[in-house]
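Those sequence lines, one after another, are chains H and X.
Numbering-wise (the numbering used here), the first sequence opens with residue 1 and increments by one.
Numbering-wise (the numbering used here), the second sequence opens with residue 1001 and increments by one.
Idealized CB from N, CA, C, for every residue including glycine.
Since the model is a prediction, treat every value here as computed from it, not as a measurement.
A quick write-up on the structure given underneath.
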Amino acid sequence: MLQKGQLWETKPLEYYAKAKELRAKWEKNAENKEIVLGQGNTSFVVDWQQAFPAIMVMEDNPRGSTIAAKNLPEARRFRLASESRGWGREICGYHGVLWGQQFIGYQVDGSPFPERKFVVPIPATCECHTKRGEQCKDFSPVPRWSGDQCVYLGPYDQERDKAMLDHRAWCSWKIINDIERIFGQQFNDEKMKELIKISRAVKPIREEIFKLMTHIPAPLSVKELYSTYVLGGLVKIEMNELLDFWRSVRDEVKWRTENNIAAVGTERYRWMEAHPPAYYFLKYYRYMEKYGAVCIGSQYTNYTFAQLERKPDGSIGDRDYTFVDEYMTPIPQPDGSIHEKVLYHPTFSPEMRIDTREDEIRYLDGASARGSVQHFKQDEIYRPYALNEFADIYKVNGAIMPLHRSGVNCTLTRKEQAMRLRKAGVSVMHYELNQGGDNTDLDEKRMLEQLDQWMESQGLRKLED
Amino acid sequence: MNFKQLAENRHEYAKAWKARTGGQVLGYYDPYFPEELAYAAGMLPVRILARHEPDDVSTKWIYASCYPVRDYVNQFFNGRYGYLDGIVDTGGCEWVYNAFEVAMNTTPSLKTHYIFIPRYPNAPTSPGLVVSELKTMKKVFEEWTGREITDESLDHAIEVYNKNRLLLMRISELRRAYETPLFGSEAMQMLLADQVMDKAEMNAILESFLAELQERPPREDRVRLMIIGSETWDAELEELVESLGANVVIDELDNGTSYFWNTIYEQKDRLLAIALRYLGRPHSALRDNNWRRRSQHVFELAEDYMADGVLIVKQIYCVIHGTDNYAMWKLLRERNIPYHFFERDTSLPEDETRQRLESFINMLKPGLVRLRGWHEPLVI
């Protein structure tokens, strides 16, 4: 029975309990004394840390944002501990929150802070990522390794790409080999090959989910996505468990789509975001639902595992990296073969043969130096109309684009992107905040008033009025 | 020599150079840009510098909290850099990339190129990567100018640039002496002028300046300060320090001494020689990763130049220096070097800064012991 104003049937998500369980397990694992705990991230493609017997790499983002969301006074205390030691307020709040615990010596729950034994920052165009983990490194002399997210503009260039890929491969190789040597743990290459196989199975499942997300009504809203999409990304879990989990998500989302079960029963307006929200003020998602407005995600969430595009016949499918004209340069595969059909693709073909550790590493780094996970800023930098395409695929009416004072990468080119979206008929609202994990500059009352005005300017009224 | 005037009249200088030579003027933002290649192609590479001007444009295009970058956009739309034929970005900072991107997307007639310089410069693969990038850039410059970059032209460019670095280094050595004849403001203006002028022309100016310096009587000994932090574009701070009876004797700024600190060791593979020089220069905060080099470099400068204290001057919302501050504070505390940290933007709030600096300098004074007479002015 539909309530007043409700257009679609809705139902709580069944996979949610499992998602929470996996997340809690990941956090608990950090306290395992048998494990060598590092800071940073491994890879979005394959979680290589699992090929070591007892290595765990933990990223700042999910911990920092959760603390900011659940315990704002403590989050502020931790940030202050970082800032008073010189750590800049313009850096992602996640860092300040998490590393404030390191400086103070205990975590948000009062337990001792588990010190990191090494740092492997995942390369990104973002400067905060490049400099990630400096707090641990400067705090105590633990080893830190770097990689590079290589960038160039214009068409694919085989020569430039090759030098960049060699550089990236060496950086990854160095990390894995040094960890073996320093911590005396053997990297299991056979297990790594197995992980690659499983990752190949997970990829299409996640892609399917994000294709299903284009459905009206949206089977999931961004709030659910934020609890889910990190699993296997920033929150590393055992690969077989990961595969089972994503299968269950796919099945549930598919069922919801087939039966028009909506995340928000009043959905009549779809909006997109760009980059992380104010995790300490997620209330605005529910507030927007009062207008029947649902956030269907952003390239930050949806494109993490699936890059889609509209096909010439109007359908939506995986992004085809077959280019014409100046892009027609084939990429030789490590075995010397040339892809006939796919001339430029950021990931290697599933049939790629993997024999050596170098093959494994090159698979991780992808076939294109500009990133095998083409979302976030890489995508927007190479393809200025990336967000317009996203808006079209996910059939959005509006976009809320936060302007972060901190963190740079999340706000880079944002004003121009907004202009492009407006030209395409997508209404855009900006709001200012410090960063998703730092509430310093967010005026909550002002933001809610902005939302009212923005919705009303588009002829929408609160459903309860 | 009036370096201040040279630096301030940079736009007029570049326009006149262009009219005189018929060459192209190329703007760049970051000191990792290998200028030698542009010079070898007959272009004039000029550093794009911020200045404090009312900004009525940038907000539409860019949400950068970094004021110098907003100013780049503002100056660009206000036509200050209208004479530029091209711009190159080296990925020195993301806000700068945004300014570059705005210029690229709004001015199709502007030639643009992006060269990737690794943020991890110490990997054994980094030189090969930079050589690959230089090869691409060489082709791009040849296409832009219609002029081949030969080994001879590269050798000439390397020679001119190396001479420039040597001259700047010799002048910098004079700042090590007590009663140095050179004040920090003049040194900074000299460096800023150096980055916007034809190096051959600048070398002649520096040679005569060096001769002039040797004739200058020693100046009175003062509290010796060092500046580190985000880059600058004027010498207002140094002037303020001088007005308070102190002197900036050294800096570790990207467009300060780090601009000329190392040289190109010539070798047959010219591009490799250039790549090694840029990767081996004092690391900028962004590229100082893993086992840090920057801290040690800062310490060595402080010690070599006998700095009594350090000013850490950070641009508001400079992410890169925000991440390095912790290391700098830690280093200076551990080695008992007094420091004062403050943030600024394109403007320098004079009263507030004066009060802060005055307090810092007064705090330093009682601890200073100068054994007059035990040192002699350095002779070049």
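Return no unless some Cβ of chain X is closer than 8 Å to the Cβ of Ser-111(H).
-> Reading the first sequence from its first residue, position 111 is the one you call residue 111(H). Closer than 8 Å: no.
Give the residues of chain H in contact with Val-1102(X), contact being defined as C-beta atoms less than 8 Å apart.
-> On the second sequence, position 102 is the one that residue 1102(X) refers to. Counting only Cβ-Cβ distances below 8 Å, Val-1102(X) has contacts in chain H at Glu-416, in chain order.
CB of Cys-171(H) within 8 Å of CB of Tyr-1120(X), strictly | Start at 1 with the first residue of the first sequence, and residue 171(H) comes out as number 171. Start at 1 with the first residue of the second sequence, and residue 1120(X) comes out as number 120. Cys-171(H) is a Cβ neighbour of Tyr-1120(X), given a cutoff of 8 Å.
If you measure beta-carbon to beta-carbon, which residues of the region 1006-1025 of chain X are closer than 8 Å to chain H?
-> Result list empty, no residue passes.
Where do the ends of the alpha helix (DSSP H) carrying Gln-49(H) lie?
-> As a working note, residue 49(H) is residue 49 in the first sequence. Counting along the chain, Gln-49(H) falls outside any alpha helix (DSSP H), and DSSP gives it neither H nor E.
Taking the beta strand (DSSP E) that Met-58(H) falls in, what are its first and last residues?
-> Within the first sequence, residue 58(H) is the residue found at index 58, counting from 1. Going by DSSP, Met-58(H) is part of the beta strand (DSSP E) stretching over 55-58.
When Gly-1086(X), Leu-1167(X), Met-1043(X), Glu-1215(X) are compared against Glu-1148(X), the one with the closest alpha-carbon | Here residue 1148(X) corresponds to residue number 148 of the second sequence, with the count starting at 1. For Glu-1148(X), the closest of Gly-1086(X), Leu-1167(X), Met-1043(X), Glu-1215(X) by C-alpha to C-alpha distance is Met-1043(X).
Please name the residue, chosen from Gly-154(H), Ser-221(H), Leu-433(H), Glu-273(H), that lies closest to Pro-384(H) on a Cα-to-Cα basis.
-> Sequence index remark: in the first sequence, residue 384(H) carries index 384 (1-based). It is Gly-154(H) whose Cα lies nearest to the Cα of Pro-384(H).
Which residues in the same chain as Arg-1294(X) place their Cβ atom closer than 6 Å to its Cβ, once the five residues preceding and following it in sequence are excluded?
-> The residue given as residue 1294(X) occupies position 294 in the second sequence. By the criterion of a C-beta distance shorter than 6 Å, Arg-1294(X) is surrounded in its chain by His-1283, Asp-1288, once the five residues flanking it on both sides are discounted.
May I ask you to verify whether the region 1065-1077 of chain X touches the region 1085-1103 of chain X, counting CB pairs closer than 8 Å and requiring at least 3?
-> Flag = yes, the region 1065-1077 of chain X and the region 1085-1103 of chain X touch.
Quick one: which chain H residues come within Cβ less than 9 Å of Ser-1258(X)?
-> Here residue 1258(X) refers to the residue found at position 258 of the second sequence. The contacting residues do not exist; Ser-1258(X) stays about 18 Å from chain H at best.
Status (buried if at least 16 other CB within 10 Å, exposed otherwise) for Lys-21(H) = Position 21 of the first sequence, counted from the first residue, corresponds to residue 21(H). The question names Lys, but residue 21(H) is Glu in the sequence shown. By the neighbour-count rule (16 or more Cβ atoms within 10 Å), Glu-21(H) is not buried but exposed.
Distance, Cα to Cα, Lys-4(H) vs Asp-452(H)?
-> As a working note, residue 4(H) is residue 4 in the first sequence. As a working note, residue 452(H) is residue 452 in the first sequence. Computed Cα separation, rounded: 21 Å.
Cα-Cα separation between Leu-460(H) and Ala-386(H), rounded to whole angstroms = Taking the first residue of the first sequence as position 1, residue 460(H) is located at position 460. Taking the first residue of the first sequence as position 1, residue 386(H) is located at position 386. The alpha-carbon separation between Leu-460(H) and Ala-386(H) amounts to approximately 27 Å.
Name, please, each residue of chain X whose Cβ falls closer than 8 Å to the Cβ of Ser-172(H).
-> The residue labelled residue 172(H) in the question sits at position 172 within the first sequence. Those within 8 Å of Ser-172(H) in chain X number zero; the least Cβ separation is about 11 Å.
Is there at least one Cβ from chain H nearer than 8 Å to Asn-1002(X)'s Cβ?
-> The sequence position of residue 1002(X) within the second sequence is 2, counting from 1. For Asn-1002(X), no Cβ of chain H is located within less than 8 Å of the residue's own Cβ.
Amino acids of chain H, ordered along the chain, whose beta-carbon sits closer than 9 Å to that of Thr-1136(X) | The count along the second sequence starts at 1 and reaches residue 1136(X) at position 136. Ordered by position in chain H, the residues that pass the 9 Å Cβ test against Thr-1136(X) are Tyr-152, Asp-157, Glu-159, Arg-160.
How long is the line joining the alpha carbons of Glu-1212(X) and Ile-1312(X), rounded to whole angstroms?
-> Stepping through the second sequence from its first residue, residue 1212(X) is reached at position 212. Stepping through the second sequence from its first residue, residue 1312(X) is reached at position 312. If I take the Cα positions, the gap works out to 31 Å.
Classify Pro-332(H) as buried or exposed, calling it buried when 16 or more other Cβ atoms lie within 10 Å of its own Cβ.
-> Counting from one through the first sequence, the residue named residue 332(H) turns up at place 332. Confidence is the limiting factor: at Pro-332(H) the pLDDT is only 47, short of 50, which leaves the residue's position unreliable, though a coordinate-based value still follows. A residue is called buried once 16 or more other Cβ atoms fall within 10 Å of its Cβ, and Pro-332(H), having fewer, is exposed.
In angstroms, rounded to a whole number, what distance separates the CA positions of Ile-316(H) and Lys-211(H)?
-> Indexing the first sequence from 1 puts residue 316(H) at position 316. Indexing the first sequence from 1 puts residue 211(H) at position 211. If you take the alpha carbons of Ile-316(H) and Lys-211(H), they lie about 8 Å apart.
Give a yes or no on whether the minimum CB-CB distance between Gln-435(H) and chain X is below 8 Å.
-> As a first step, residue 435(H) is located in the first sequence; it is residue number 435 there, counting from the start. With a threshold of 8 Å between beta carbons, Gln-435(H) makes no contact with chain X.
Examine chain H for any beta-carbon lying closer than 8 Å to the beta-carbon of Met-1226(X), and answer yes or no.
-> Position 226 of the second sequence holds residue 1226(X). No, Met-1226(X) lies away from the interface with chain H (no Cβ there is under 8 Å from its Cβ).
Kindly list the residues whose CB is nearer than 8 Å to the CB of Phe-1033(X), restricted to its own chain and excluding five residues on each side of it in sequence; keep chain order.
-> On the second sequence, residue 1033(X) is found 33 positions in, with the first residue counted as 1. Cβ neighbours of Phe-1033(X) beyond the five flanking positions: Pro-1045, Val-1088, Thr-1090, Ile-1115.
Bounding residues of the alpha helix (DSSP H) (the contiguous stretch that carries Arg-116(H)) = In the first sequence, the residue the question calls residue 116(H) occupies position 116. In the DSSP assignment, Arg-116(H) falls outside any alpha helix (DSSP H), carrying neither H nor E.
Using a Cβ-Cβ cut-off of 8 Å, state whether Cys-128(H) counts as contacting chain X.
-> For the purposes of this step, residue 128(H) is identified with residue 128 of the first sequence, where counting begins at 1. At least one chain X Cβ lies under 8 Å of Cys-128(H).
Identity of the residue in Arg-144(H), His-129(H), Pro-112(H), Phe-139(H) nearest Ala-1123(X) by Cα | Within the second sequence, residue 1123(X) is the residue found at index 123, counting from 1. Looking only at Arg-144(H), His-129(H), Pro-112(H), Phe-139(H), the smallest Cα-Cα distance to Ala-1123(X) is reached by Arg-144(H).
Which whole-angstrom value describes the C-beta separation of His-167(H) and Asp-148(H), a residue pair presumed to lie in contact below a C-beta threshold of 8 Å?
-> For the purposes of this step, residue 167(H) is taken as the residue at position 167 of the first sequence. For the purposes of this step, residue 148(H) is taken as the residue at position 148 of the first sequence. Contact holds; Cβ gap of about 6 Å.
Residues of the region 136-147 of chain H whose Cβ lies closer than 9 Å to any Cβ of chain A, in chain order = Given the protein chain composition of this structure (H and X), no chain A is represented.
Compute the Euclidean distance between the alpha carbons of Gly-38(H) and Ala-218(H), then round it to the nearest angstrom.
-> Residue 38(H) sits at position 38 when you count from the first residue of the first sequence. Residue 218(H) sits at position 218 when you count from the first residue of the first sequence. Using only the alpha carbons, I get a separation of about 37 Å.
Arg-1224(X) bridges to which residues according to DSSP?
-> Start at 1 with the first residue of the second sequence, and residue 1224(X) comes out as number 224. BP columns for Arg-1224(X) point to Asn-1247(X).
Can you tell me the Cβ-Cβ gap for Glu-416(H) and Val-1057(X), rounded? I've got them flagged as a contact below 8 Å.
-> By one-based count along the first sequence, residue 416(H) stands at place 416. By one-based count along the second sequence, residue 1057(X) stands at place 57. Not confirmed; about 14 Å, so no contact.
Taking only beta-carbon atoms, is Arg-181(H) less than 8 Å away from chain X?
-> Translated into positions along the first sequence, residue 181(H) becomes position 181. False, the Cβ-Cβ gap to chain X never drops below 8 Å.
Terminal residues of the continuous beta strand (DSSP E) containing Val-1313(X)?
-> By 1-based counting over the second sequence, the position of residue 1313(X) is 313. Its beta strand (DSSP E) spans residues 1309-1315.
What does a CB cutoff of less than 6 Å around Asp-189(H) pick up in its chain, not counting 5 residues either side in sequence?
-> Within the first sequence, numbered from 1, the residue matching residue 189(H) stands at position 189. Once the five neighbours on either side are set aside, the close Cβ partners of Asp-189(H) are Arg-357.
Contact check, Pro-1127(X) vs Ala-1275(X), beta carbons under 8 Å | Taking the first residue of the second sequence as position 1, residue 1127(X) is located at position 127. Taking the first residue of the second sequence as position 1, residue 1275(X) is located at position 275. Taking a C-beta distance under 8 Å as the contact criterion, Pro-1127(X) and Ala-1275(X) qualify as a contact pair.
Any non-hydrogen atom of the ligand PLP closer than 7 Å to Glu-389(H) Cβ = Because no ligand of any kind appears in the structure shown, any question about the ligand PLP cannot be addressed here.
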